[in-house]
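Visitor:
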Amino acid sequence: MEDFNKNDRDEIYSKKIRAGKRTYFFDVKSTRGNDYYITITESKKRQDNGMYVKHKIFLYKEDFNKFMDALNDTINHVKSELMPEYDFEEFNRSQAEYSEDYDRADEA
Numbered sequence: 402m403e404d405f406n407k408n409d410r411d412e413i414y415s416k417k418i419r420a421g422k423r424t425y426f427f428d429v430k431s432t433r434g435n436d437y438y439i440t441i442t443e444s445k446k447r448q449d450n451g452m453y454v455k456h457k458i459f460l461y462k463e464d465f466n467k468f469m470d471a472l473n474d475t476i477n478h479v480k481s482e483l484m485p486e487y488d489f490e491e492f493n494r495s496q497a498e499y500s501e502d503y504d505r506a507d508e509a
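Counting in the numbering used here, the sequence shown runs from 402 upward without gaps.
This is the structure we're talking about:
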């Protein structure tokens, strides 16, 4: 019998980004009607009980361009108008380097 309560559809593509105490997941999933959508999940480990808190955004194809434009505009506004002197390049470490440092800190 098919599981109709299944929230996660077939995963087509996934990208994981570690960022401090947070991890972001960008997943492409398929619908029953052979369409696609993106989920963006933020996962954060709570300090008090070690459990993970997750927040999820569902992004559908008709909103891809609007979402991308708004995100790019917002990031560009912060970089050019609010923090023009800040060196954002300092955060361009590879994901592998970042993951290794985070894993070592998490084990301590």
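Ideal Cβ placement from N, Cα and C applies to all residues, glycine included.
Residues in its own chain within less than 7 Å of residue 454 by CB, not counting five upstream and five downstream?
Guide: Counting from 1 along the sequence shown, the entry for residue 454 is found at position 53. Hits under 7 Å: 445, 447.
Visitor: Among 493, 464, 440, which residue has its Cα nearest to the Cα of residue 414?
Guide: Position 13 of the sequence shown, counting from 1, holds the residue named residue 414. Measuring from the Cα of residue 414, the nearest candidate turns out to be 440.
Visitor: Assuming contact is defined by CB atoms lying nearer than 8 Å, are residue 438 and residue 460 in contact in what I supplied?
Guide: In the sequence shown, residue 438 corresponds to position 37, counting from 1. In the sequence shown, residue 460 corresponds to position 59, counting from 1. Result yes, Cβ atoms of residue 438 and residue 460 sit closer than 8 Å.
Visitor: If you measure between the beta carbons of residue 442 and residue 457, is that distance less than 8 Å?
Guide: What you label residue 442 is simply residue 41 of the sequence shown in a count that begins at 1. What you label residue 457 is simply residue 56 of the sequence shown in a count that begins at 1. Yes, they are a contact pair.
Visitor: With respect to 7 Å, is the separation between the Cβ of residue 444 and the closest non-hydrogen atom of the ligand SAM below this value?
Guide: Absence of the ligand SAM from the depicted structure is noted, as is the absence of any ligand whatsoever, leaving it without description.
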